[in-house]
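Heads up, the thing below is written out as structure tokens.
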Amino acid sequence: MNRTTVIPFGPQHPVLPEPLHIKFVVEDETVVQAVPQLGFVHRGLESLVRTKDFKQMVFVVERICGICSCIHANCYCNAIEDMLGVTAPPRAQFLRVIWSELHRVHSHLLWLGLFADAFGFESVFHQFWRIREHVMDICEATAGNRVILSVNVVGGVRRDLTPDQIRWMLEQLNELEKGVLDMSKTMLQDYTVQERTRGIGVLSKNDARLLGAAGPTLRGSGWACDERMRGYAAYKELNFVPVVEQDGDCYARSKVRFYETLHSLELIREALHRLPESELAVKLPGNPDGESVFRVEQPRGELFYYVRANGGKMLERMRVRTPTFANIPPLLHMLPGCKLPDIPVIVLSIDPCISCTER
Amino acid sequence: MFFEAKPVTPETLLSETQRLADANYRFVTMSQTVLNERTLRLYYHFDENLTVDELRAGTEPASRPPMTHLRLDVDRNQPIPSVSSVYFCALLIENETQDQFGVRFEGLPLDYEGAMYLEGEVSRAPYFTMTTVKRPLAGTASEDKGGAQ
Amino acid sequence: MGFVENIIKKSRLKSPWIVHFDCGSCNGCDIEVLACLTPLYDVERFGVVNTGNPKHADVLLVTGTVNHRNQHVLRQIYDQMPGPKAVVSIGACNLSGGVFKDSYNILNGAHTVIPVDVFVPGCPPKPEAIIDGVVTALNVLGAKMGLVPAPAPARMPGDEDVLQGAESA
Chain Y
5 MNRTTVIPFG PQHPVLPEPL HIKFVVEDET VVQAVPQLGF VHRGLESLVR
55 TKDFKQMVFV VERICGICSC IHANCYCNAI EDMLGVTAPP RAQFLRVIWS
105 ELHRVHSHLL WLGLFADAFG FESVFHQFWR IREHVMDICE ATAGNRVILS
155 VNVVGGVRRD LTPDQIRWML EQLNELEKGV LDMSKTMLQD YTVQERTRGI
205 GVLSKNDARL LGAAGPTLRG SGWACDERMR GYAAYKELNF VPVVEQDGDC
255 YARSKVRFYE TLHSLELIRE ALHRLPESEL AVKLPGNPDG ESVFRVEQPR
305 GELFYYVRAN GGKMLERMRV RTPTFANIPP LLHMLPGCKL PDIPVIVLSI
355 DPCISCTER
Chain C
125 MFFEAKPVTP ETLLSETQRL ADANYRFVTM SQTVLNERTL RLYYHFDENL
175 TVDELRAGTE PASRPPMTHL RLDVDRNQPI PSVSSVYFCA LLIENETQDQ
225 FGVRFEGLPL DYEGAMYLEG EVSRAPYFTM TTVKRPLAGT ASEDKGGAQ
Chain R
55 MGFVENIIKK SRLKSPWIVH FDCGSCNGCD IEVLACLTPL YDVERFGVVN
105 TGNPKHADVL LVTGTVNHRN QHVLRQIYDQ MPGPKAVVSI GACNLSGGVF
155 KDSYNILNGA HTVIPVDVFV PGCPPKPEAI IDGVVTALNV LGAKMGLVPA
205 PAPARMPGDE DVLQGAESA
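Chains as they are written, first to last, in my numbering: chain Y, 5 to 363; chain C, 125 to 273; chain R, 55 to 223.
Put into structure tokens, the structure is as follows:
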């Protein structure tokens, strides 16, 4: 019996933390087509460049996404600094890496928890969120806020770490790493987890490129493509290698994120040990002029900023391409052919961040 | 970083894009900026991907070629050819451009008709001043907008 | 009859069920709302249950900017909730539009769409503040059931001085 039914999914749905609306055309239990409807989170913040000057915009771009706000600000500041022809001092570069990687760890732990919740493993969800509170504590102790750190300014950073804080952070990181390693057996070897994620939502290597996937979705399909390899901020001085998996299914993507969490902890530790002494910010030589693009690596993938200025205080145009925006076409490609109960697993496997996507 | 863009015309856009697609490029995104009251400038950004084998072979990541860019200046009243036949992922960004700049793309496989982000109540294209856009009214764009549960 | 009704009313207050709707937040407030449910803050020990279904809920938590598209969804979810109900508005964006106030697609806060009982300011507010907001909402809920005297009506933070000035003038 072949009858097609349309099932609306969202915008308010228990499995989705964010308002995304997808219409699924299903035939019995199999999805035939998925049509997204966006716009529930569209704030139009690119238009704010007309009313706020380029220094105030840092606070707006931080609020594009609360989960990776520090990295947004990092990218924006780098793009403006390029136009102004200044570079942030070495200590600021290292501090930017430390806070960015803290955000990556907290984002990945959050995702691992939500992903476990998507296939019904609620205790793992609670475990990951318990471990994650260590990161939130570090953020609060070093930057004064749990989620939106507001540490980046154009030309450098605003806050410093004292030797005491560094010592305390290293202790916290050890505990954090122990907690993450404790979860590795469940997340990577458990029979139930593998049954729910292996071979589900497969994205082949060539499709990943043609559909423009980014971040762990791209790296899970065998491409070694991580913006951190380009060595922006202090990454060129740290010992960074991208995490790559070949299978392209949900399991591969969760593995990429799991190992990236551990690698980020390593990077933070290395950066803390090698933190150079210098001032925190440089003086700006005037207003930006010209066009510039900059890319950094977010927890969800490659983040792209295009900025155009005309020498005034206000920018002329700013455009943000966020990783989830790039990952939605691969998602629409993965969904047809899957079974209805696998939808939450596949949707979450790209780590959707709708507030990033729609801005 | 500052960048150099290769100028293209609406006629050569598709062939240029196809050439890059054949050369294993990845479509990153498109940026739009308003030049004057009539002209919209579009940048198409592409990047090369790296495989694990290339990484092992010791390709120095920092020396990877920077992104490739195409530049297209269009009149806002003229339809723009869509590159989504080459790169399907261009569809979202082209729909977004329709929303925000009130221009038309030709040959979109999934066309929201300028109502991807914005409701019918917002009838002005936000980035071109002095424009009016016809959007489908709320309820006609999608019949089950509310759909809690 | 009154006895049974009273017991039902009191037990509703002892175990409030919550529905969380994210209008268009940057996720900062959402993850803090979610953090309230996780082991460190764990509101379930107070009987608070997060439900996905607005028809099961007593308290509505709203986060994020309200825009032209999601205001319809917000109003619908509010209408689906059975009365008496309380609404907690969380975060600067939800209170007034926050940093996005000047943008073309933004309405000035959830209180322009639905009646709001408790305002929790902050960008994002800490989980402790959110829990406090829910507890305040329970007082409002109790007052709506006639169990406790009604608390002073909530006002937008920042508007108090303006309103007081207007009243005394």
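Each residue gets a CB set at the ideal place from its N, CA and C atoms; glycine is no exception.
Practice problem: Go to residue 314(Y), then tell me how far its beta strand (DSSP E) extends in each direction, as first and last residue. | Solution: 305 to 314
Quiz item: Name the chain Y residues whose beta carbon is nearer than 8 angstroms to that of residue 148(C)?
Solution: 213
Quiz prompt | Coil, strand or helix - residue 302(Y) by DSSP | solution = strand
Practice problem: Report the rounded CA-to-CA distance for residue 2(Y) versus residue 265(Y), giving the unit in angstroms. | Solution: Residue 2(Y) lies beyond the residue range present for chain Y, which begins at 5 and ends at 363; the question has no answer from this structure.
Quiz item: What does residue 333(Y) touch in chain C if you count any residue whose Cβ is under 8 angstroms from its own?
Solution: 212, 213, 215, 216
Self-check item: Completely contained alpha helix (DSSP H) runs for the region 77 to 114 of chain R, where each covers 4 or more residues
Solution: Counting whole runs of 4 or more residues, the region 77 to 114 of chain R contains the alpha helix (DSSP H) stretches 82 to 91.
Self-check item: residue 237(Y): contacting residues in chain C (beta-carbon distance under 7 angstroms)
Solution: Those within 7 angstroms of residue 237(Y) in chain C number zero; the least Cβ separation is about 13 angstroms.
Practice problem: Name, please, each residue of chain C whose Cβ falls closer than 8 angstroms to the Cβ of residue 224(Y). | Solution: Simply none; closest approach about 12 angstroms.
Quiz item: What is the DSSP secondary structure of residue 223(C), reduced to helix, strand or coil?
Solution: helix
Quiz item: Are there 16 or more other CB atoms within 10 angstroms of the CB of residue 223(Y), so buried, or fewer, so exposed?
Solution: buried
Quiz item: Of all Cβ atoms in chain Y, is any one closer than 8 angstroms to the Cβ of residue 132(C)?
Solution: no
Exercise. May I have a chain-ordered list of the alpha helix (DSSP H) segments no shorter than 4 residues that lie completely inside the region 154 to 223 of chain Y?
Key: 167 to 188, 195 to 201, 209 to 214, 220 to 223
Exercise. Just tell me which of 148(Y), 72(Y), 304(Y), 202(Y) has its CA closest to the CA of residue 261(Y).
Key: Of 148(Y), 72(Y), 304(Y), 202(Y), the smallest CA-CA separation from residue 261(Y) is found for 304(Y).
Quiz item: Comparing the C-beta of residue 268(C) with each C-beta of chain Y, is any distance below 8 angstroms?
Solution: Unreliable placement is indicated for residue 268(C), whose pLDDT of 40 sits below 50; the coordinate value is still reported in the next sentence. For residue 268(C), the closest Cβ of chain Y is nearer than 8 angstroms.
Quiz item: So residue 196(C) is in the beta strand (DSSP E); what residue range does that whole segment cover?
Solution: 192 to 199
Quiz item: Nearest chain C C-beta to residue 158(Y) closer than 8 angstroms, yes or no?
Solution: The beta carbon of residue 158(Y) sits no closer than 8 angstroms to any beta carbon of chain C.
Self-check item: Three-state secondary structure (DSSP) of residue 336(Y)
Solution: helix
Exercise. Flag residue 9(Y) as yes if its beta-carbon sits less than 8 angstroms from any beta-carbon of chain R, otherwise no.
Key: Not closer than 8 angstroms to any Cβ of chain R, the Cβ of residue 9(Y) fails to qualify, so no.
Quiz prompt | At least three beta-carbon pairs within less than 8 angstroms, the region 155 to 164 of chain C to the region 132 to 142 of chain C | solution = no
Quiz item: Around the Cβ of residue 79(R), are there at least 16 other Cβ atoms within 10 angstroms (buried) or fewer (exposed)?
Solution: buried
Exercise. Look at the alpha carbon of residue 219(R) and the alpha carbon of residue 184(Y), and state the distance between them as a whole number of angstroms.
Key: With a pLDDT of 49 at residue 219(R), under the threshold of 50, the modelled position of this residue cannot be trusted; read the value that follows with caution. Rounded to the nearest angstrom, the two C-alpha atoms are 55 angstroms apart.
Exercise. May I have the straight-line CA-CA distance separating residue 338(Y) from residue 107(R), to the nearest angstrom?
Key: Each residue's alpha carbon lies about 28 angstroms from the other.
Quiz item: Taking 8 angstroms as the CB-CB limit, is residue 114(Y) close to chain R?
Solution: yes
Quiz prompt | Closer than 8 angstroms at the beta carbon, the chain Y residues around residue 86(R) | solution = Below the 8 angstroms Cβ cutoff, chain Y contributes 150, 151 as neighbours of residue 86(R), in chain order.
Exercise. Can you tell me which of 225(Y), 158(Y), 66(Y) puts its alpha carbon nearest to the alpha carbon of residue 211(Y)?
Key: 225(Y)
Exercise. May I ask you to report which of helix, strand or coil DSSP gives residue 236(Y)?
Key: DSSP places residue 236(Y) in coil when its eight states are reduced to three.
Quiz prompt | Per-residue DSSP class, three states only, for residue 225(Y) | solution = For residue 225(Y), the secondary structure class from DSSP, reduced to helix, strand or coil, is coil.
Quiz item: Mind pulling the beta strand (DSSP E) runs of 3 or more residues that sit fully within the region 140 to 186 of chain R?
Solution: 140 to 144, 172 to 174
Quiz item: Near residue 159(R), which residues of its chain fall below 7 angstroms by C-beta distance, leaving aside the five closest residues on each side in sequence?
Solution: Cβ neighbours of residue 159(R) beyond the five flanking positions: 121, 122.
Practice problem: With DSSP as the reference, label residue 110(Y) as helix, strand or coil. | Solution: helix
Practice problem: Can you grab the Cα-Cα spacing for the pair residue 170(C) / residue 208(Y), in whole Å? | Solution: 20 angstroms
Practice problem: Would you decide whether residue 2(Y) is buried or exposed? Buried here means 16 or more other CB atoms lie within 10 Å of its CB. | Solution: This structure cannot speak to residue 2(Y), because chain Y is shown only from 5 to 363.
Self-check item: Contacting residues, own chain, Cβ-Cβ under 8 angstroms from residue 113(R) (five flanking each side not counted)
Solution: 70, 71, 72, 73, 139, 140, 141, 142, 188, 191, 192, 195
Self-check item: Against chain Y: residues of the region 147 to 179 of chain R by CB proximity under 7 angstroms
Solution: 153, 154, 156, 157, 158, 159, 160, 177, 178
Exercise. List the residues of chain Y that residue 93(R) touches, going by C-beta distances under 9 angstroms, in chain order.
Key: 130, 131, 133, 134, 137
Quiz item: With a cut-off of 8 angstroms, do at least 3 Cβ pairs link the region 352 to 361 of chain Y to the region 299 to 313 of chain Y?
Solution: yes
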